[in-house]
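If you're matching them up, the sequences are chains Z and P in order. So the first sequence is residues -9 to 176, counted in my numbering. So the second sequence is residues 1177 to 1453, counted in my numbering. The beta-carbon is built from N, C-alpha and C at its ideal position, and this holds for glycine as well. Since the structure comes first, as structure tokens, the remarks are kept for the end.
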Amino acid sequence: MPPSKRDWRLSKKRMSKSIIINFLRFIVLVFIQVFLLKNINVYNLSTPYLYILFILLLPFEVPNILLFALAFILGITIDAFYDTPGLHAAACIVLAFVRILFISITVQKDGFDNEPEPTLSIMGFRWFLTYSIVLTLVHHFFLFNLEAFSLSQIEFTISRILLSSLFTVFLMLISGLLFFKRKERK
Amino acid sequence: MRNLLIFITKYNAFFLFIIFEVSALLIYIKYNSFQKASFINSSNEVTGNLYVRISEFKSYLSLKDNNDSLARENARLRNQLKSSLYADTLNKHKVTDTVYKQQYEYIVARVINNSTNRANNYLTINRGSKQGVSIGMGVISNSGLVGKVVLVSDHFSVIQSLLHKASQFSAMLANNKEIGSMQWGDNLDPHMGLLKDVSNNAVPKVGEKVVTSGYSLFPVGIPIGTISSLKTKGGGVSLNMDVALAVDFTKLQYVYVIVNKFAAEQTGLEAQQKKDE
């Protein structure tokens, strides 16, 4: 059945709104990461990488190729400020792939109309907690291992991964609660 | 053929993942030798200028510390003035007719980007080739050795600091002049370094000063740190020791780039000797 004109207009409006929101989110997260979180560092062990929240919060409907392209652009932008060409990009691509797998396992396809974005307020606390923990751990695992590029200090690298993930997930939950919208959950 | 296309579209996420991941890793591996990364790094004019803005703002926050350290340096330099020395010998008639030629020149620069918490750390400073900085020059701060220049653009340059896996500087013990090589420690602590390959004859003591040897980019006697503990781990023919670094890399604001005026002459001569062998 073809969609009526009204529906089409509505979806078009929603799409442009979500493009603007995600664009702003990209800029704000990169700024926070580069000028604030880059300087935060607890005992050389725990460094938060909050910028991956951008990939986590992209809408469900985003096509795979666009998701990978956005992840790549985000990674390269962060790399430009961290002087590590390709490092964050590679970790972000892995993150995007795991996101696709995780969502295809845990979310029904036909529910997308009501639930446009995987945010804390829409998907509920339990789902979002597992989602953010799994994706953050995968991203940090690749990031720190690629950076160290050797297995000689593996205990040190693993403790960095775990403590940094803890910090990142903590910040994600805080930002999720900050922008919590109660009425959207059905 | 049709089945192949259906297969690829069905698992498009996986194939896209492979394509993007391989390209990202290629970039990472190719530009990992940092010097080639001339495009995406902080000497790039856009990110460089952004860093200048932020660092201008941040410099206000540490004015007090800077004033203190500059005042201390002033006092130290004042102590070296002739007017503050007491001439205790009267027969000081030796005429030093030799015209001293200046060998080292110092270019002052402000640190606009700094990292200490990664495995390989770099600084960006606001002086570049237009001000006379070029690749390979040594960099110090008022408290000691910082690193060397690895990348230069018109107005900015990037310094590979001592806190870098590949950094290695020639150093010596201040008292008995034993030569060693100065590196960063294994545990990524920005306040600790490692002095390696000191010969067994040396009897280093905890608390002894470590300074530059004058064999590399730096004038002799620039402080690096003090020995904090002796390690026997190296064993065999050489000694290793932990060094508490003199420079606090987390609070660097101003640094000096050292221009060695005779560097070209010296390297030219040494290259000639290598050719003859």
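CB of residue i within 8 Å of CB of residue j, strictly
i, j, result
"Z/LEU64", "Z/ARG89", "no"
"Z/THR147", "Z/ASN135", "yes"
"Z/LEU77", "P/TYR1236", "no"
"P/THR1402", "P/ALA1420", "yes"
"P/VAL1228", "P/VAL1431", "no"
"P/THR1388", "P/PHE1345", "yes"
"Z/LEU19", "Z/TYR41", "yes"
"P/ALA1200", "Z/ALA86", "no"
"P/VAL1309", "P/ILE1283", "yes"
"Z/TYR84", "P/GLU1197", "The question names Tyr, yet the displayed sequence has Val at residue 84 of chain Z. Yes, the pair counts as a contact, with Cβ atoms nearer than the cut-off."
"Z/ILE123", "Z/VAL159", "yes"
"P/GLY1444", "P/PHE1332", "no"
"P/HIS1340", "P/ASN1296", "yes"
"Z/ASN60", "Z/LEU48", "Strictly speaking, residue 60 of chain Z in this sequence is Leu, with Asn absent from that position. Their beta carbons are under 8 Å apart, which means Z/LEU60 touches Z/LEU48 by this criterion."
"P/MET1358", "P/ALA1342", "no"
"P/ASN1363", "P/GLU1384", "no"
"Z/ASP73", "P/TYR1298", "yes"
"P/ASN1436", "P/TYR1207", "no"
"P/LEU1428", "P/ASN1290", "yes"
"Z/GLU137", "P/ARG1294", "yes"
"Z/ASN178", "P/ASP1365", "One cannot answer for residue 178 of chain Z here, as it falls past the ends of chain Z, which runs -9 to 176."
"P/GLY1390", "P/VAL1382", "no"
"P/GLU1249", "P/ASN1302", "no"
Length of the line joining the Cα atoms of residue i and residue j
i, j, result
"P/PRO1380", "P/LEU1349", "8 Å"
"Z/LEU139", "P/LYS1407", "Leu is not the amino acid found at residue 139 of chain Z; the sequence shown has Phe there. Distance between the alpha carbons of Z/PHE139 and P/LYS1407: 26 Å."
"P/GLY1320", "P/ILE1400", "5 Å"
"Z/SER149", "P/SER1305", "42 Å"
"P/ASN1416", "P/GLU1446", "29 Å"
"P/LEU1393", "P/LYS1324", "8 Å"
"Z/LEU168", "P/GLU1354", "60 Å"
"Z/ARG15", "Z/PHE44", "7 Å"
"P/ASP1244", "P/SER1375", "39 Å"
"P/PHE1183", "Z/ASN54", "16 Å"
"Z/VAL52", "Z/GLN98", "15 Å"
"Z/LEU163", "Z/SER1", "29 Å"
"Z/GLN185", "P/ILE1230", "In this structure chain Z extends from -9 to 176, so residue 185 of chain Z is not present and cannot be described."
"Z/ILE9", "P/VAL1222", "25 Å"
"P/PHE1193", "Z/PHE157", "27 Å"
"Z/GLY114", "P/ILE1311", "54 Å"
"Z/PHE58", "Z/ILE68", "15 Å"
"Z/HIS130", "Z/ASN12", "23 Å"
"Z/ARG116", "Z/THR109", "12 Å"
"P/ASP1330", "Z/PHE71", "19 Å"
"Z/PHE92", "P/GLN1336", "40 Å"
"Z/GLY166", "Z/PRO106", "16 Å"
"P/LEU1180", "Z/SER154", "42 Å"
"Z/GLN143", "Z/ASN31", "19 Å"
"Z/SER94", "Z/PHE50", "10 Å"
"Z/TYR39", "Z/LEU27", "7 Å"
"P/LEU1239", "Z/LYS7", "44 Å"
"P/ALA1189", "Z/PHE62", "14 Å"
Whole-Å CB distance - residue i paired with residue j, under 8 Å assumed
i, j, result
"P/VAL1326", "P/VAL1334", "6 Å"
"P/GLY1356", "P/LEU1371", "5 Å"
"Z/ALA81", "Z/LEU133", "4 Å"
"P/ASP1418", "P/SER1404", "5 Å"
"P/ALA1285", "P/VAL1413", "So it is not a contact: roughly 40 Å between Cβ atoms."
"P/THR1292", "P/THR1426", "5 Å"
Strand pairing of residue i, partner residues [DSSP]
i, result
"P/LEU1406", "P/MET1417"
"P/GLY1397", "DSSP output for P/GLY1397 lists no bridge partner at all."
"P/HIS1340", "P/ASN1296"
"P/TRP1360", "P/GLY1369"
"P/VAL1328", "P/SER1333"
"P/ASN1290", "P/LEU1299"
"P/PHE1345", "P/MET1358"
"P/GLU1281", "P/VAL1435"
"P/GLY1314", "P/LYS1324, P/ILE1434"
"P/SER1375", "P/SER1414"
"Z/SER36", "Z/VAL32"
"P/THR1426", "Bridge partners of P/THR1426: none, in fact."
"P/THR1388", "P/ALA1347"
CB contact below 8 Å: residue i versus chain C
i, result
"P/LEU1364", "In the structure shown, chain C cannot be found, because the protein chains are Z and P."
Check distances from the C-beta atoms of the region 1177 to 1204 of chain P to those of chain Z and list, in chain order, the residues that come in under 7 Å.
Cβ contacts with chain Z come from ASN1188, ALA1189, LEU1192, PHE1193, PHE1196, GLU1197, ALA1200, LEU1201, ILE1203, TYR1204.
Residues from the region 74 to 97 of chain Z in contact with chain P, defined by Cβ distance under 7 Å
PRO75, GLY76, LEU77, ALA79, ALA80, ILE83, VAL84, PHE87, ILE90
Taking a Cβ distance cut-off of 8 Å, strictly less, list which residues of the region 1228 to 1246 of chain P are near chain Z, in chain order.
Answer in chain order: ILE1230.
Residues of the region 21 to 32 of chain Z with Cβ closer than 8 Å to any Cβ of chain P, in chain order
PHE25, LYS28, ASN31
At a Cβ cut of 9 Å, what residues of the region 117 to 148 of chain Z count as close to chain P, listed as they run along the chain?
LEU136, GLU137, ALA138, PHE139, SER142, GLN143, PHE146
Positions along the region 54 to 69 of chain Z whose CB lies within less than 9 Å of some CB in chain P:
ASN54, ILE55, LEU57, PHE58, ALA59, ALA61, PHE62, GLY65, ILE66, ASP69
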